[in-house]
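Enquirer:
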Amino acid sequence: MVRATGPFFSLDARGTLGDVLTGSFWRGVNYIRTRVIPHNPKSVQQLAVRSVLTDGVSKWRFGKISSLHQNYWNTYAKGLSESGFNRFMRAYIKGNFDGTAKVTPQVIPNPS
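Letter by letter, the sequence shown follows residues 1 to 112 in full-length UniProt numbering.
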């Protein structure tokens with residue numbers, strides 16, 4: 001249900017109206033747009049990428065990467081305008097996904 005404040009299309013409208021229009025607020029600007037339903041093909045390649053991403057995130061968050069190694073990654077990435085996690089994931093994906101549906105054995109990279 002859309003929630004409007006003031007006349008429609010002027011002051012504030014948020015939510016979806018009839019599965020057709022969506023009102024929202026972004027960076028100080030109210031807007032209305034057509035509702036978009038994202039396409040999710042679930043192709044073999046997409047599922048392989050998601051699998052590698054999920055595996056890398058779980059290794060970082062749940063202990064396969066020790067806090068000492070996380071500190072190494074954070075220090076390594078400090079001058080690169082990235083977080084250690086982002087830099088780790090970049091290396092993890094590069095080492096574990098070759099651009100096809102084939103996922104190679106899980107390699108845990110070291111900062112270099």
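Virtual Cβ for every residue (Gly too), placed ideally from N, Cα, C.
Given the structure is predicted, the values throughout are model-derived calculations rather than measurements.
Would you mind sorting residue 104 into buried or exposed? The rule is 16 or more other CB atoms within 10 Å of its CB.
Expert: Confidence is the limiting factor: at residue 104 the pLDDT is only 47, short of 50, which leaves the residue's position unreliable and the question unanswerable from this model.
Enquirer: So what's residue 104 in DSSP terms, helix, strand or just coil?
Expert: A caution first: residue 104 carries a pLDDT of 47, below 50, which makes its placement in the model too unreliable to give a value.
Enquirer: Hey, residue 15 and residue 23 are a contact pair by Cβ (cut 8 Å); roughly how many whole angstroms apart?
Expert: About 6 Å; that satisfies the 8 Å criterion.
Enquirer: Are residue 97 and residue 65 close, meaning C-beta to C-beta below 8 Å?
Expert: No, the Cβ-Cβ distance between residue 97 and residue 65 is not below 8 Å.
Enquirer: Sort 48, 35, 18 by Cα distance to residue 93 and report the nearest one.
Expert: That would be 48, whose Cα lies nearest to the Cα of residue 93.
Enquirer: Have a look at the DSSP bridge pairing and note the partners of residue 118.
Expert: The chain is shown only over 1 to 112; residue 118 falls outside these bounds and no answer can be derived.
Enquirer: Where residue 54 and residue 62 are concerned, what is the direct C-alpha to C-alpha distance, given to the nearest angstrom?
Expert: Roughly 12 Å between the two C-alpha positions.
Enquirer: Inspect the beta-carbon positions of residue 70 and residue 56 and report whether they are closer than 8 Å.
Expert: Against a cut-off of 8 Å, the Cβ pair of residue 56 and residue 70 comes out as no contact.
Enquirer: For residue 60, count the other beta carbons within 10 Å of its own beta carbon; 16 or more makes it buried, fewer makes it exposed. Which is it?
Expert: Classification of residue 60: buried, given that the 10 Å Cβ count is 16 or more.
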